[in-house]
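For the first sequence, this note's numbering begins at 72 and goes up steadily by one.
Note that the Cβ used here is the ideal one computed from N, Cα and C, for glycine as well.
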Amino acid sequence: MPELPEVETIRRDLEPLVLGATIVGVEIYWPGSIARPSAPEFEDLITGRTILHLGRRGKYLIFALSGGWNLIVHLAMTGRLLLNQVERDKHTRAVFHLEDGHNLLFVNMRKFGRLYLVKDAQEVVGRLGPEPLEAEFTPQRLAHLLANRRGALKPLLLNQRFLAGLGNIYADEALFVAGLHPQRRADTLSPEEVGRLCGAIRLVLKEGLKDGGTTLEAYRRPNEEKGRHQERLQVFQRTGGPCPRCGATIERIVLAGRGTYFCPRCQR
DNA sequence: CCCGGAACCTGAAGGC
DNA sequence: TGCCTTCAGGTTCCGG
Numbered sequence: 072m073p074e075l076p077e078v079e080t081i082r083r084d085l086e087p088l089v090l091g092a093t094i095v096g097v098e099i100y101w102p103g104s105i106a107r108p109s110a111p112e113f114e115d116l117i118t119g120r121t122i123l124h125l126g127r128r129g130k131y132l133i134f135a136l137s138g139g140w141n142l143i144v145h146l147a148m149t150g151r152l153l154l155n156q157v158e159r160d161k162h163t164r165a166v167f168h169l170e171d172g173h174n175l176l177f178v179n180m181r182k183f184g185r186l187y188l189v190k191d192a193q194e195v196v197g198r199l200g201p202e203p204l205e206a207e208f209t210p211q212r213l214a215h216l217l218a219n220r221r222g223a224l225k226p227l228l229l230n231q232r233f234l235a236g237l238g239n240i241y242a243d244e245a246l247f248v249a250g251l252h253p254q255r256r257a258d259t260l261s262p263e264e265v266g267r268l269c270g271a272i273r274l275v276l277k278e279g280l281k282d283g284g285t286t287l288e289a290y291r292r293p294n295e296e297k298g299r300h301q302e303r304l305q306v307f308q309r310t311g312g313p314c315p316r317c318g319a320t321i322e323r324i325v326l327a328g329r330g331t332y333f334c335p336r337c338q339r
């Protein structure tokens, strides 16, 4: 799914196009997409509201609406937000009609994505860890987060309460750039290694963002364009290929149920 | 609290 | 062709 760079790309694409637009109606084709309130209440409450701001926290998009409401969208693995002249297909779960005639489609093949309509956004995003691209995310902060964590690094990087925005792709890429083994016990990093990890996380997210995200399959920008970062991935889904740094063969293991790619020579 | 595994879904790809 | 298994970018819940 969209991880931080993909969600932020969507936010940047969408923001200038939907700011100030009023939602004049919504059609819900899969009510299970609505996390809260109930689908009928959702329809009722959102109709007539104007989009005042589009923000992001971790992998969540936050549409601030008039009247103090927030529409919060999580795309999960296969979610898309598409704008304009896009035909509804069998995976379209909801359509928002905007006053200017544009349609915003929520498309989600596997039905894991969710829409929330809440007054207080913190109800949904309040328990997330720090934003890795904000200035608050420093080696000191990361060292503090890692202290007393006895589990492996990789699953911890995927824990959104630990750090917001990393998913399977960028977690593996960050560990590769940092030269750290995904199974390395989190509380054993030296200060120098913590510094490398901090820099690596920020670097891979910025590079992904620069490329408009990574499209392996489902991810699309609001105009259906693909991302370009898949061409620059160093280890993710490159099993059997050469490590770009040392030439050793990239390996795949399963950690906490997730496919995990790394260079056995560079990552210790 | 911390951690790993199962569950939630649909579809594509590969083996037989 | 058809059936079966495996895998997929996420999150939450449950049990140890």
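(message) Would residue 168 and residue 89 qualify as a contact pair, given that the criterion is a beta-carbon distance under 8 Å?
(response) Position 97 of the first sequence, counted from the first residue, corresponds to residue 168. Position 18 of the first sequence, counted from the first residue, corresponds to residue 89. Not a contact, by the Cβ cut-off of 8 Å.
(message) Would residue 129 and residue 188 be called neighbours here (beta carbons separated by less than 8 Å)?
(response) Walking along the first sequence from the start, residue 129 turns up at place 58. Walking along the first sequence from the start, residue 188 turns up at place 117. No, the pair does not count as a contact, with Cβ atoms beyond the cut-off.
(request) Specify, as a first and last residue, the run of the beta strand (DSSP E) that residue 177 falls within. (result) Reading the first sequence from its first residue, position 106 is the one you call residue 177. Residue 177 -> beta strand (DSSP E) spans 174–179.
(request) Could you name the residues of the same chain whose beta carbon sits closer than 8 Å to that of residue 275, not counting the 5 residues immediately before and after it, in chain order? (result) Taking the first sequence and counting its residues from 1, one reaches residue 275 at position 204. Only 241, 244, 245 and 248 meet the Cβ criterion.
(message) I need the straight-line Cα distance from residue 310 to residue 332, nearest angstrom please.
(response) Within the first sequence, the letter at position 239 stands for residue 310. Within the first sequence, the letter at position 261 stands for residue 332. Rounded to the nearest angstrom, the two C-alpha atoms are 7 Å apart.
(request) Express the C-alpha separation of residue 84 and residue 126 in angstroms, rounding to a whole number. (result) In the first sequence, counting from the first residue as 1, residue 126 sits at position 55. In the first sequence, counting from the first residue as 1, residue 84 sits at position 13. Looking at the two C-alpha atoms, the distance is approximately 12 Å.
(message) Between which two residues does the alpha helix (DSSP H) holding residue 215 run?
(response) As a working note, residue 215 is residue 144 in the first sequence. Residue 215 -> alpha helix (DSSP H) spans 210–217.
(message) Spatial neighbours of residue 209 within its chain, please: C-beta separation below 8 Å, excluding the five flanking residues on both sides.
(response) Position 138 of the first sequence, counted from the first residue, corresponds to residue 209. So the qualifying residues of the chain are 269.
(request) Let me know if residue 193 comes out buried or exposed under the rule of 16 or more other beta-carbons within 10 Å of its beta-carbon. (result) Taking the first residue of the first sequence as 1, we reach residue 193 at position 122. Its Cβ having fewer than 16 others within 10 Å, residue 193 is exposed.
(message) Within 10 Å of its beta-carbon, does residue 179 have 16 or more other beta-carbons around it, so buried, or fewer, so exposed?
(response) Position 108 of the first sequence, counted from the first residue, corresponds to residue 179. Under this definition residue 179 is a buried residue.
(message) Counting beta carbon pairs with one atom in the stretch 136–152 and one in the stretch 275–290, are three or more of them shorter than 8 Å?
(response) yes
(message) Helix, strand or coil for residue 135? Go by DSSP, reduced to three states.
(response) Along the first sequence, read from residue 1 onward, the residue named residue 135 stands at position 64. Strand, per DSSP.
(request) Buried or exposed for residue 225, please, with buried defined as at least 16 other CB atoms from any protein chain shown within 10 angstroms of its CB. (result) Residue numbering aside, residue 225 sits at position 154 when the first sequence is read from its first letter. It counts as buried.
(message) With H, G and I counted as helix, E and B as strand and the rest as coil, what does DSSP make of residue 289?
(response) Translated into positions along the first sequence, residue 289 becomes position 218. Residue 289 falls in the coil class under three-state DSSP.
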